[in-house]
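Residues -22 to -1, 1 to 147 in mature numbering (1 follows the signal peptide of the UniProt record, and there is no 0) are what the sequence shown spells out, letter by letter. Ideal Cβ positions, reconstructed from N, Cα and C, are used throughout, including at glycine. Please read the structure below before turning to the comments.
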Amino acid sequence: MLFLSQSWTSWMSLLLPRPTMSVDVFTIPQLHMSFRDYVGNRTDLGRAVVPAAILAGYTGSGPIQLWQFLLELLTDRSCQSCISWTGDGWEFKLMDPDEVALLWGRRKNKPKMNYEKLSRGLRYYYDKNIIRKTAGKRYVYRFVCNLQGLLGYEPGELHAMLDDAEQIY
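What follows is the structure in structure tokens.
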């Protein structure tokens, strides 16, 4: 029977309302444009190079996820005092883990967020091959997913974009 071959979650997804975003909140890039082209056309270099809201829409993953939020912070020059690239590929360090947790808590409306809870969220990504902890280094992690394929940039290119934005401001 065809009905039994479907999982109950796939049927439930047809019944539940889908979340929608207001066009007034942010402008979503044209779907036929590559992410690299979208970033290259941006003129507001004072903001994050990779806005998490756009990345969430671009990847079709719905509400913002922690890894997307971290990527947004990493591409926002104003956040480099609390999180920054180490210069070794997609490796990054939480310079001020409590501040990163506070920012994540604000974004998700969870005022009691702290680093302990945030790190639990990061560990969730280990098995999913999205982020890994760098052994022997405190507060240092690495994106192990195919960010280059998603963003269209090699790590050095993305780091150079941030350096260029720093020179402009």
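Item	Value
Should Tyr131 be labelled buried (16 or more other beta-carbon atoms within 10 Å of its own) or exposed?	buried
Assess contact between the segment 120 to 134 and the segment 79 to 86, defined as three or more Cβ pairs (one per stretch) separated by less than 8 angstroms. Is contact present?	no
Quick one: is Phe121 near chain B, going by C-beta distance under 8 angstroms?	The displayed structure is made up of one protein chain only, and chain B is not part of it.
Examine the Cβ distances between the segment 84 to 92 and the segment 111 to 120 and report whether three or more of them are shorter than 8 angstroms.	no
Considering only DSSP beta bridges, list what Leu72 is partnered with.	Ile61
Note down, in chain order, each residue of its chain lying with its Cβ closer than 8 angstroms to the Cβ of Phe70, except the 5 sequence neighbours on either side.	Leu48, Leu52, Ile61, Ser62, Trp63, Thr64, Val118, Tyr119, Arg120, Phe121
For Arg110, which of helix, strand or coil comes out of DSSP?	strand
Secondary structure at Val78, three-state DSSP: helix, strand or coil?	helix
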